[in-house]
Amino acid sequence: MDNVADQATQGKPGLFARLKQGLAKTRRGFSEQVTALFLGAKVIDQTLLDSIETLLITSDFGVSVTKGVIDRLTQQVERKDLSDAMALKNALRAHLLGLLQNTSSELTLDGPGPQVILMVGVNGAGKTTTAGKLAHHFKQQNRSVLLAAGDTFRAAAVEQLKTWGERNDVAVIAQHTGADSASVIFDALAAAKSRAFDVLIADTAGRLQNKKNLMQELEKIVRVIRRQDETAPHSVLLVIDATTGQNAIAQAQAFMTDVEVTGLVLTKLDGTAKGGVVFALTEALGLPIHFVGIGEALDDLKPFDAELFVDAILQGAD
Amino acid sequence: MFDNLTRRVSAALGQIGGKKTLSEDNIAETLREVRLALLDADVALAVVQDFMDRIRQRAIGAEVGASLSPAQSFLKIVNEELVAVLGGASEGLDLNSQPPAVILLAGLQGAGKTTTAAKLGVWLKQRENKQVMLVSTDVYRPAAIQQLQTLAESAGLHFFASSIDQAPEQIAKDALQAAKRQFVDVLIVDTAGRLAIDDDMMQEISKLHGHLDPVETLFVVDAMTGQDAANTAKQFGEVLPLTGVVLTKADGDARGGAALSVRQVTGRPIKFIGQGETIEALELFHPDRIASRILGMGDVMSLIEEAEQKIDKDKATKLAKKIQKGRNFDLSDFRDQIQQMNNMGGLTGMLDKLPGMGNMAETAKARVDQQNFGQLEAMINSMTPKERSFPDLISGSRKRRIARGSGTEIQDVNRLLKQHKQMQKMMKKLGKKGGMTNMMRGLGGMMNQGGRPF
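Just so you know, the sequences run in chain order A and B.
For reference, each letter of the first sequence is one residue, going -7 to 310 in my numbering.
For reference, each letter of the second sequence is one residue, going 18 to 471 in my numbering.
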């Protein structure tokens, strides 16, 4: 049987189409609800606002963000700024976009020497898969990429990353499972430097943010990398599973404390999860979202586009 | 945003004053607080609404007991109801069938199925003395089969080798044959992670189920899952006749509302929870523990267990004996306690588990941060042994020396001495109780240091 990833790379649809396709699949339920919501209501009443509240809560926006959005909409309604349901929908869109302001920014890598990207996150968020997809992304930009199998803890994580390496035709620096993660990444950086690679993507083991010792290990990785290059890691990507609820906020806060997280990757957006916690995240922490993961194929990693994201959420609501 | 449920419920119930029973009117505000707590814990909205109806019905007319405050009575009801909905204590797996008994694992990507497969195998081997065989039908995720193989080998479990060029159905059939031939008791079948809306993949697992006729079909769900837990569980439940749930990554600090959602939506018991990175870290489910966590009321059981594991028992016993003998809790004992607490992930880590502390404002947490304890330790280290044993000796000039030596201010030294005095008093009062109790109460004392507002 062919690998799913290989199959899907054949006959690629355009980026926009793919993201939209991925998101549309995800959001069918959501959009239909929104459509019904706004079409059914000619006037704005409490029921309509309650329905929006329900939608936001069930999309993992969290109590605090939901309350913020609803309060602002309510104010506008009271001031009679919004005349009908469509105006309300537009205001909702504007608010949601406002929350994501400054969040879509391209991951720029333009320093001298290999640019080091460190992947961090809790267990099962999708770090290894994202590392593999990222390698593909940079190869598409004609950059040379090296992967470092820094997850030396989970069984067969090294082999998993090696498979992604083969798929991308990218070299993987690895040691055995149980080796010191920092030393693997240190060696990989040395290799990346001597062979003049453009990008080094370092995978790390998943760790729950409340495990002090594991979080300290991340600090150590950064310390050790900096012995070779004081400016490294150039980006630290926190990988967050879109199915995660409010704990994503605690995750981001903890990882930001221990390493300088520079941006987010939101994975598994092709499921039924709405990924609404992103709104809470960006409001609380102001981190850019660089990419979204929308499938298991190599090119199922898309740059995050706030408008596309919000529009996909509200798609079909006209 | 959401701080202390107990306090807020107390405030909301404050106005019921002398009334002896809870009524629709006097609990409206309280119900709202509980609703927010549940939503904040990621319990699915539909499940929350259902649950609130149950609470309302039970609470209205309930008498406020003499020994409990209205808030306590109310929270007791909430907690009892939550435990009831979550189901009784887990009875493990029902493997009564002609061997090999098959266990099928299903769930989303990254939920922890492969790890759970191995943990379950170890659990059955160790607790039930079963011969267990593992097989992976995950031909999609790179190295998924290898991952299970590595885990099986390290745990000494049988492993049925499969490869990515085989069809999952074929692997399942072959593994079942092999399990029969080798007379193993249990065959655990790991599957690829799949989205509930992926029709092809859902059909695949449905077929696997048909071929394997498992006695247990377990839905594996990440404790950090948000609102989607309900949708996904529902859809998996429609395709597969689930028999139970495994809640993974419960050693994180997520409030775990997904447990309630999944329990309610599937109607199936939560059988196990994954509690750590080691292969033995799988436990039978205890509803009471998750209940208090969902309510943000801490997980005292886990804290006590952690304390038992990590606290240096010799030192703790020595301290307890010393205090029982009526001797003073001196500054070196204080330092020991600080070090023990650091071993347990510092005060912040512990606070998360304590009732009512789980949602303590971040700023408050920051105040009692590690650094503070580092400072306390540094100050004690700057004292002479004699000063540690007899803190009353510490005069103005000694204080100056200690402050200089530890890089602190004299006020810091004063505060340390005051805190120590408070703890000493407490220790004296509690001298007659057991060592661990002392320890825990002592910690409580430290949290009230300097009359800080929590």
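Backbone N, C-alpha and C define an ideal beta-carbon position, used for all residues, glycine too.
Asked, Found
"Nearest to R285 (chain B) by alpha carbon, out of B:R272, B:I411, B:P258?", "B:P258"
"With a threshold of 6 Å on Cβ separation, who are the neighbours of L99 (chain B) within its own chain once the five nearest residues in sequence on each side are excluded?", "A308"
"Is any beta-carbon of chain A found at less than 7 Å from that of G375 (chain B)?", "Only weak support exists for where G375 (chain B) lies, its pLDDT of 45 falling under 50; the value from the coordinates is given anyway. No, because no Cβ of chain A sits closer than 7 Å to the Cβ of G375 (chain B)."
"Compute the distance between the beta-carbons of Q252 (chain B) and A61 (chain B), then report whether it is under 7 Å.", "no"
"Is there contact here, the region 283 to 295 of chain A with the region 123 to 138 of chain A, by at least three beta-carbon pairs under 8 Å?", "yes"
"Which residue's Cα is closest to the Cα of A54 (chain B): B:W140, B:V65, B:Q292?", "B:V65"
"Identify each residue in the region 227 to 241 of chain B for which the Cβ-Cβ distance to at least one residue of chain A is less than 7 Å, and report them in chain order.", "D239, M241"
"Would you say A378 (chain B) lies against chain A (beta-carbon separation less than 7 Å)?", "Low confidence applies here, because A378 (chain B) scores a pLDDT of 45, under 50, leaving its location unreliable; read the following figure in that light. No, A378 (chain B) does not count as interfacial toward chain A."
"Might you give, ordered along the chain, the residues of its own chain that have their beta carbon closer than 6 Å to the beta carbon of I49 (chain A), omitting 5 neighbours on each side?", "T58"
"Name the residue from A:G255, A:Q38, A:V150 whose alpha carbon lies nearest to the alpha carbon of G311 (chain A).", "This structure cannot settle anything about residue 311 (chain A), because the visible part of chain A is limited to -7 through 310."
"Would you call the region 141 to 160 of chain B and the region 260 to 279 of chain B in contact, with 3 or more CB pairs under 8 Å?", "no"
"Give a yes or no on whether 7 Å exceeds the smallest Cβ distance from N359 (chain B) to chain A.", "no"
"Which class does V162 (chain A) belong to by DSSP, given the choice of helix, strand or coil?", "coil"
"Just grab the DSSP bridge partners of I109 (chain A) for me.", "A:I193, A:S227"
"Since K119 (chain A) and V231 (chain A) are thought to touch, with beta carbons under 8 Å apart, how far apart are those beta carbons, to the nearest angstrom?", "5 Å"
"Between the region 198 to 217 of chain A and the region 260 to 273 of chain A, are three or more C-beta pairs nearer than 8 Å?", "no"
"May I have a chain-ordered list of the alpha helix (DSSP H) segments no shorter than 4 residues that lie completely inside the region 119 to 187 of chain A?", "119 to 132, 149 to 160, 173 to 186"
"State the start and end residues of the unbroken beta strand (DSSP E) segment that holds H282 (chain A).", "281 to 285"
"So that I know if they touch, is there some Cβ in chain A lying closer than 7 Å to that of D217 (chain B)?", "no"
"Can you tell me whether DSSP reads D262 (chain A) as helix, strand or coil?", "coil"
"Take G21 (chain A) and list the residues in its own chain whose beta-carbon comes closer than 8 Å to its own, dropping the five residues that flank it on each side.", "Here G21 (chain A) scores only 48 on pLDDT, less than 50, and its place in the model should not be relied on; the value that follows carries that caveat. So the qualifying residues of the chain are T264."
"Could you check whether V263 (chain B) and V237 (chain B) sit closer than 7 Å to each other, using their CB atoms as the reference points?", "yes"
"Are the C-beta of A148 (chain A) and some C-beta of chain B separated by less than 7 Å?", "yes"
"List, in chain order, every chain B residue whose beta-carbon is nearer than 9 Å to that of T39 (chain A).", "Near T39 (chain A) there are no residues of chain B at all, since even the closest Cβ is about 15 Å away, more than 9 Å."
"Go ahead and pull the three-state DSSP assignment for F302 (chain B).", "coil"
"With three or more C-beta pairs closer than 8 Å as the rule, is the region 63 to 76 of chain A touching the region 98 to 114 of chain A?", "no"
"For L348 (chain B), count neighbouring Cβ atoms within 10 angstroms of its own Cβ and tell me buried if that reaches 16, exposed if not.", "buried"
"Measure the alpha-carbon distance for G254 (chain B) versus T283 (chain B) and round it to whole angstroms.", "6 Å"
"Distance check for A337 (chain B) and Q245 (chain A), CA to CA, integer angstroms please.", "38 Å"
"What first and last residue would you give for the alpha helix (DSSP H) that runs through A61 (chain B)?", "First-last for A61 (chain B): undefined, no H or E at that position."
"Establish whether the CB of L200 (chain A) and some CB of chain B are separated by less than 7 Å.", "yes"
"Taking Cβ-Cβ distances below 9 Å as the criterion, which residues of the region 226 to 259 of chain A are in contact with chain B?", "D233, A234, T235, T236, G237, Q238, N239, A240, A242, Q243, Q245, A246, T259"
"Check whether the Cβ of I44 (chain B) lies closer than 7 Å to any Cβ atom in chain A.", "no"
"According to the neighbour-count rule (16 or more other Cβ atoms, all chains shown, within 10 Å of its Cβ), is N160 (chain A) buried or exposed?", "buried"
"Just the C-alpha distance for H175 (chain B) and I241 (chain A), rounded to the nearest angstrom, thanks.", "40 Å"
"For G268 (chain A), does the count of other Cβ atoms within 10 angstroms reach 16, so buried, or fall short, so exposed?", "buried"
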